[in-house]
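Asks: Got a structure here, written out as structure tokens. Questions coming.
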Amino acid sequence: MDQSRAPLYDALEAMRNERIVPFDVPGHKRGRGNKPLSEFLGERCLSVDVNSMKPLDNLCHPVSVIKDAEALAADAFGAAHAFFMVGGTTSAVQAMMLSTLKSGDRIILPRNVHQSVINAMVLCGAIPAYVNPETDRKLGIALGMSFASVERAVAAAPDAKAILVNNPTYYGVCSDLRRITELAHSRGLRVLADEAHGTHFYFGRAMPVSAMAAGADMAAVSLHKSGGSLTQSSLLLCGPRVNADYVRQVINLTQTTSASYLLLASLDISRRNLALDGAAIFDKVTRFARYAREEINELGDYYAFSKELVNGDSIFAFDETKLSVNTMDLGLAGIKVYDLLRDKYDIQVEFGDLGNILAYVSVGDKTKHIERLISALSDIRRLYRRERKGLWETEYIGPEVVLSPQAAFYAGKRSTPLEACAGGISGEFVMSYPPGIPILAPGERVTPEIVAYIRYARDKGCTLTGPEAMDVSRLNIVTEVLGNG
Amino acid sequence: MDDLWYSEYHTPDVRFSIRVSAQLHQEESDYQRISVYESPEFGRILTLDGVLMLTERDEFVYHEMITHVPMAVNPGIRRVLVIGAGDGGVARELAKYPGIESVDVVEIDRRVVEVCREYLPQTACGFDDPRVNLHFADGLKFIRHPKETYDLIIVDSTDPSGPGEVLFTKEFYGGCYGALAENGILVNQHESPFYQEDAAAMRSSHKRILSVFPVSRVYQAHIPTYPSGHWLFGFASRGLHPLRDLQAADWKALRIPTRYYNTNLHRGSFCLPNYVEEALRRDE
């Protein structure tokens with residue numbers, strides 16, 4: 000297909016030039032009715048913030064320019080079908096799960112999944128069979144799934160309908176997606192890929208394999224991360240074995256009927272840009288990240304890790320564009336370095352966990368800003384370095400799944416002081432940042448170790464999210480299961 | 000003569016213009032637009048991205064004040080690092096000191112030096128001194144490596160809105176601290192206190208230097224072609240005080256020829272108008 004086309008973008012430009020008199024929503028009418036907003040975002044921006052209309056197609060039922068734009072995206076990503084998504088990659092993950100799994104179906108998935116995956120199980124009633132991701136003890140990060148652990152999980156859950164794979168993890172770690180896909184397909188499992196951090200795998204040279212190239216059935220792709228589209232815009236890709244028309248019905252269960260044309264146009268324009276220039280763009284990003292890693296590793300005490308970690312299994316491949324820096328030898332937690340960069344050096348990085356920071360490198364960076372990051376890390380070492388002691392090491396606590404997340408979430412529950420929760424079944428979700436791995440999902444047994452972990456994480460200043468009691472002093476414990484759990 | 004004027008907007012509402020007789024050079028380098036004009040009143044003029052850097056007529060004020068103030072506090076300075084200064088003016092002033100052993104000039108844009116060598120020999124002659132070593136490198140990157148090496152660092156940067164942005168950051172000042180020897184001094188061009196945007200840059204620069212150096216003072220000079228004509232410099236050090244440690248007799252004994260600087264003016268230049276003192280003190 001001719002990837003230099005951008006049919007949705009062209010239709011919006013044509014609409015802008017036609018000077019149609021708007022007697023439809025949105026009420027700001029090309030910005031004229033909301034001067035402060037128009038001044039803030041710019042008239043050009045608001046002039047294309049329009050509603051679905053004949054020449055612009057309709058995301059819920061695409062028949063013309065959106066259909067064409069989605070077909071071009073599918074072609075560019077090597078998919079049988081692509082859906083433009085406007086509810087973030089969370090909506091793509093939900094659609095992927097809800098169109099594959101029904102209530103009571105089992106899904107094999109690594110524990111270090113994004114919370115949208117667990118929330119999707121609350122919606123669809125699927126039952127998780129978790130694979131313990133291996134952990135790199137030195138770096139304190141969760142890795143990919145080893146092939147043997149996937150084999151064991153498949154053997155232990157012969158009735159499972161699907162397997163979900165992070166491609167890659169937040170830190171850039173990839174599992175052996177090709178082999179996992181072959182195994183899954185031989186047992187009749189669908190393969191779903193969370194590619195929130197993997198857009199560039201489709202366009203860069205010498206990248207880890209993308210989900211579509213590996214033969215996966217569906218992939219949720221955050222085009223707004225490395226792909227450059229607007230925040231909240233995303234793609235859902237389907238392979239040839241997926242009934243795309245059914246997927247559309249599932250998407251429409253929860254999708255807005257007033258999809259933003261700003262988001263949709265950004266997907267169309269970004270897809271064209273990636274298809275035409277992606278290889279050069281990600282060459283540049285890779286160069287930036289490699290250079291920064293070399294310089295940071297020369298500073299001393301920092302460890303900017305990369306492909307040397309690859310072990311052919313739980314780290315089958317590593318995404319070199321991810322600039323993760325381990326700070327343990329500096330005697331500082333990653334979250335501390337994150338705060339120093341932000342508060343003292345006016346540098347915002349993507350995240351800090353216990354032992355690492357992740358700086359997101361993209362085509363929007365300039366050499367001078369890469370130099371600023373390196374120099375700020377150098378200056379932090381000069382000023383704040385200390386003896387390495389008392390740094391927290393995380394232990395992975397394997398979950399005991401008693402009920403499906405949905406059954407537990409909708410069960411009768413009693414708010415219980417944290418200290419008294421051990422032995423009960425959690426009715427809610429507890430997430431800790433760092434390290435960004437769920438501590439509890441609805442339906443899991445609360446153990447004394449988990450209670451201790453939550454208190455410890457709270458004392459260490461981790462941000463705990465999920466429970467109704469926002470300070471996690473209490474948890475909702477299941478008292479009575481409604482219906483068939 | 001044609002009615003040709005070079006204009007610079009000192010604020011969106013204030014325009015400063017100089018009649019020019021010719022544009023001698025214009026190019027887009029990898030980093031910025033470099034232009035040289037000939038003018039009846041100010042002689043040759045160098046601009047970067049449209050911002051006036053120097054004129055032949057008044058560059059002596061800037062280059063003398065950024066160089067001789069620290070040199071008079073420590074006339075024993077041996078090793079000097081200059082960041083920016085691709086016109087050669089600072090190197091020219093430093094070359095007047097026989098005791099200086101080496102001057103490393105780190106300029107990011109090779110073309111600035113080449114253009115100045117061709118059109119502005121008045122300042123570029125500074126590069127001819129054999130003690131001057133030119134490095135075409137990013138100042139922020141360069142400063143990460145030397146440890147306790149220099150007695151003096153002079154930061155002759157463009158405004159923080161251009162390629163000079165990184166030379167106004169805390170990480171850069173931290174690098175300077177690490178690169179200075181025990182009695183080391185850092186002098187930087189410190190923007191102007193008068194117009195709002197320049198004053199904001201002055202304050203943020205002062206605040207960041209204060210967070211890094213135990214001694215941080217500001218001094219002033221009158222530079223006719225810079226915005227408002229009132230320009231500031233920062234004097235920071237690991238210990239030496241710009242007034243209490245002034246070695247006036249030693250400096251005079253060197254008999255350095257100057258047109259603007261003298262040791263009485265040195266003392267006076269640290270006496271600032273009330274509104275400037277107040278703006279700086281807000282962050283102290």
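Chains as they are written, first to last, in numbering that gives the first Met the number 0: chain H, 0 to 484; chain X, 0 to 283. Built from N, CA and C at the ideal position, the CB exists for glycine as well. Quantities reported herein were computed from a predicted structural model and do not represent experimental measurements.
Taking only beta-carbon atoms, is glycine 484(H) less than 8 angstroms away from chain X?
Replies: For the purposes of this step, residue 484(H) is taken as residue 485 along the first sequence, with counting starting at 1. Bear in mind that the predicted position of glycine 484(H) carries a pLDDT of just 42, short of 50, making it unreliable; the figure below should be weighed with that in mind. For glycine 484(H), the answer is no, since every Cβ of chain X falls outside 8 angstroms of its Cβ.
Asks: Can you tell me whether proline 54(H) is buried or exposed? The criterion is at least 16 other CB atoms within 10 Å of its CB, across all chains shown.
Replies: Reading the first sequence from its first residue, position 55 is the one you call residue 54(H). Exposed, since its Cβ has fewer than 16 Cβ neighbours within 10 Å.
Asks: For asparagine 483(H), count the other beta carbons within 10 Å of its own beta carbon; 16 or more makes it buried, fewer makes it exposed. Which is it?
Replies: The count along the first sequence starts at 1 and reaches residue 483(H) at position 484. Confidence at asparagine 483(H) is low in this model, with a pLDDT of 48, below 50, so its placement is unreliable and the value that follows should be read with caution. It counts as exposed.
Asks: Output yes or no for whether 8 angstroms exceeds the beta carbon distance between proline 69(X) and isoleucine 142(X).
Replies: Against the second sequence, residue 69(X) aligns to sequence position 70. Against the second sequence, residue 142(X) aligns to sequence position 143. No.
Asks: Take the Cβ of threonine 134(H) as the centre, count every other Cβ of all protein chains shown within 10 Å, and call the residue buried at 16 or more, exposed below.
Replies: Against the first sequence, residue 134(H) aligns to sequence position 135. Buried: at least 16 other Cβ atoms inside 10 Å.
Asks: Curious, which full-length alpha helix (DSSP H) runs of at least 4 residues does the segment 66-95 of chain X contain?
Replies: As far as the segment 66-95 of chain X is concerned, its whole alpha helix (DSSP H) runs of at least 4 residues are 88-93.
Asks: If the criterion is Cβ atoms closer than 8 angstroms, does the pair glutamine 246(X) and isoleucine 65(X) meet it?
Replies: If you number the second sequence from 1, residue 246(X) lands on position 247. If you number the second sequence from 1, residue 65(X) lands on position 66. Taking 8 angstroms as the Cβ cut-off, glutamine 246(X) and isoleucine 65(X) do not qualify as a contacting pair.
Asks: Below 8 angstroms, how does it come out for the segment 247-257 of chain H and the segment 101-113 of chain H: are there three or more Cβ pairs, yes or no?
Replies: The segment 247-257 of chain H, when compared against the segment 101-113 of chain H, does not touch it at the 8 angstroms Cβ threshold.
Asks: Quick check: the Cα distance between arginine 189(H) and tyrosine 337(H), rounded to an integer number of angstroms?
Replies: On the first sequence, residue 189(H) is found 190 positions in, with the first residue counted as 1. On the first sequence, residue 337(H) is found 338 positions in, with the first residue counted as 1. Going by the C-alpha atoms only, they are around 38 angstroms apart.
Asks: Thinking C-beta only, is aspartate 155(X) closer than 8 angstroms to alanine 123(X)?
Replies: On the second sequence, residue 123(X) is found 124 positions in, with the first residue counted as 1. On the second sequence, residue 155(X) is found 156 positions in, with the first residue counted as 1. Result no, Cβ atoms of alanine 123(X) and aspartate 155(X) do not sit closer than 8 angstroms.
Asks: Using a Cβ-Cβ cut-off of less than 8 angstroms, give me the residues of the segment 140-174 of chain X that come near chain H, in sequence order.
Replies: Within the segment 140-174 of chain X, the qualifying residues are Lys140, Ile142, Arg143, Pro162, Glu164, Val165, Thr168, Lys169, Glu170, Phe171, Gly173 and Gly174.
Asks: Taking a cut of 7 angstroms between CB atoms, which residues from the segment 332-354 of chain H lie near chain X?
Replies: So the close ones are Lys343 and Tyr344.
Asks: Grouping DSSP H, G and I as helix and E and B as strand, with all else coil, what is serine 90(H)?
Replies: The sequence position of residue 90(H) within the first sequence is 91, counting from 1. DSSP places serine 90(H) in helix when its eight states are reduced to three.
Asks: Give the secondary structure of threonine 10(X) by DSSP, where H, G and I count as helix, E and B as strand, and everything else as coil.
Replies: Position 11 of the second sequence, counting from 1, holds the residue named residue 10(X). Here threonine 10(X) sits in strand by DSSP.
Asks: Express the C-alpha separation of asparagine 16(H) and alanine 10(H) in angstroms, rounding to a whole number.
Replies: Start at 1 with the first residue of the first sequence, and residue 10(H) comes out as number 11. Start at 1 with the first residue of the first sequence, and residue 16(H) comes out as number 17. Roughly 10 angstroms between the two C-alpha positions.
Asks: Grab me the residues of valine 24(H)'s own chain with a C-beta within less than 8 angstroms of its C-beta, minus the 5 sequence neighbours each way, in chain order.
Replies: In the first sequence, counting from the first residue as 1, residue 24(H) sits at position 25. The answer, listed in chain order, is Asn50 and Ser257.
Asks: Based on Cα-Cα distance, which residue from Ser191(X), Asp57(X), Val104(X) and Val217(X) lies nearest to threonine 224(X)?
Replies: On the second sequence, residue 224(X) is found 225 positions in, with the first residue counted as 1. Of Ser191(X), Asp57(X), Val104(X) and Val217(X), the residue nearest in Cα terms is Asp57(X).
Asks: Which ranges would you report for the alpha helix (DSSP H) in the segment 127-154 of chain X if only whole runs of at least 4 residues count?
Replies: Qualifying alpha helix (DSSP H) stretches, in chain order: 138-141.
Asks: For the segment 305-316 of chain H and the segment 329-343 of chain H, state whether three or more C-beta atom pairs, one from each stretch, are separated by less than 8 angstroms.
Replies: The segment 305-316 of chain H vs the segment 329-343 of chain H: no contact.
Asks: Go through its chain and collect everything with a Cβ distance to leucine 93(X)'s Cβ below 7 angstroms, but skip five positions before and after it.
Replies: Locating residue 93(X) in the second sequence gives position 94, where the first residue counts as 1. Around leucine 93(X): Thr66, Val79, Ile99 and Val102.
Asks: Select from the segment 124-137 of chain X all residues with a C-beta closer than 8 angstroms to any C-beta belonging to chain H, and list them in chain order.
Replies: Within the segment 124-137 of chain X, the qualifying residues are Asp137.
Asks: In terms of DSSP beta bridges, what is leucine 179(X) paired with?
Replies: Within the second sequence, residue 179(X) is the residue found at index 180, counting from 1. Its beta-bridge partners are Tyr149(X).
Asks: Beta-carbon within less than 7 angstroms of glycine 465(H)'s beta-carbon, same chain only, minus the 5 sequence neighbours each way: which residues are those?
Replies: Here residue 465(H) refers to the residue found at position 466 when the first sequence is read from its first residue. Taken in chain order, the residues that qualify are Glu427, Phe428, Val429 and Met430.
Asks: Do we get a CB-CB distance below 8 angstroms when we pair glycine 177(X) with the residues of chain H?
Replies: By 1-based counting over the second sequence, the position of residue 177(X) is 178. Interface residue, yes.
Asks: Is the separation between the beta-carbon of arginine 444(H) and that of isoleucine 476(H) shorter than 8 angstroms?
Replies: For the purposes of this step, residue 444(H) is taken as residue 445 along the first sequence, with counting starting at 1. For the purposes of this step, residue 476(H) is taken as residue 477 along the first sequence, with counting starting at 1. Their beta carbons are not under 8 angstroms apart, which means arginine 444(H) does not touch isoleucine 476(H) by this criterion.
Asks: Need the endpoints of the beta strand (DSSP E) that leucine 234(H) sits in, please.
Replies: Looking up residue 234(H) in the first sequence gives position 235. That run of the beta strand (DSSP E) goes 233-237.
Asks: Output needed for leucine 209(X): all residues of its chain with C-beta closer than 6 angstroms, excluding positions within five of it in sequence on either side, in chain order.
Replies: What you label residue 209(X) is simply residue 210 of the second sequence in a count that begins at 1. Result list for leucine 209(X): Ser215, in chain order.
Asks: Alpha carbon to alpha carbon, how far is histidine 62(X) from arginine 4(H)? Give it in angstroms, no decimals.
Replies: Your numbering for residue 4(H) matches position 5 in the first sequence. Your numbering for residue 62(X) matches position 63 in the second sequence. One C-alpha to the other measures close to 56 angstroms.
Asks: Could you tell me if leucine 279(X) is buried or exposed, where buried requires 16 or more neighbouring beta carbons within 10 angstroms of its beta carbon?
Replies: The residue you call residue 279(X) lines up with position 280 of the second sequence. Leucine 279(X) comes out buried.
Asks: Might you give, ordered along the chain, the residues of its own chain that have their beta carbon closer than 6 angstroms to the beta carbon of serine 236(X), omitting 5 neighbours on each side?
Replies: Mapped onto the second sequence, residue 236(X) falls at position 237. Here the set comprises Ile184 and Val214.
Asks: Considering arginine 43(H), what are the terminal residues of the alpha helix (DSSP H) in which it resides?
Replies: Numbered from 1 along the first sequence, position 44 holds the residue referred to as residue 43(H). Looking at the DSSP string, the run of the alpha helix (DSSP H) that includes arginine 43(H) is 42-46.
Asks: Could you give the first and the last residue of the continuous beta strand (DSSP E) run that contains glutamine 22(X)?
Replies: The count along the second sequence starts at 1 and reaches residue 22(X) at position 23. 21-27 is the extent of the beta strand (DSSP E) around glutamine 22(X).
Asks: Where do the N-terminal and C-terminal ends of the beta strand (DSSP E) with isoleucine 107(H) fall, by residue?
Replies: Residue numbering aside, residue 107(H) sits at position 108 when the first sequence is read from its first letter. Isoleucine 107(H) -> beta strand (DSSP E) spans 105-109.
Asks: Give me, in chain order, the residues of the same chain whose beta-carbon lies closer than 7 angstroms to that of aspartate 244(X); leave out the 5 immediate sequence neighbours on both sides.
Replies: The count along the second sequence starts at 1 and reaches residue 244(X) at position 245. Cβ within range, chain order: Val72.
Asks: Check distances from the C-beta atoms of the segment 271-297 of chain H to those of chain X and list, in chain order, the residues that come in under 7 angstroms.
Replies: Listed by position, the residues of the segment 271-297 of chain H near chain X (Cβ gap below 7 angstroms) amount to none.
Asks: In chain order, what residues of the same chain have a beta carbon less than 7 angstroms from the beta carbon of histidine 229(X), not counting five sequence neighbours either side?
Replies: Counting from 1 along the second sequence, the entry for residue 229(X) is found at position 230. Contacts found: Ser191, Pro192, Phe193, Gln219 and His221.
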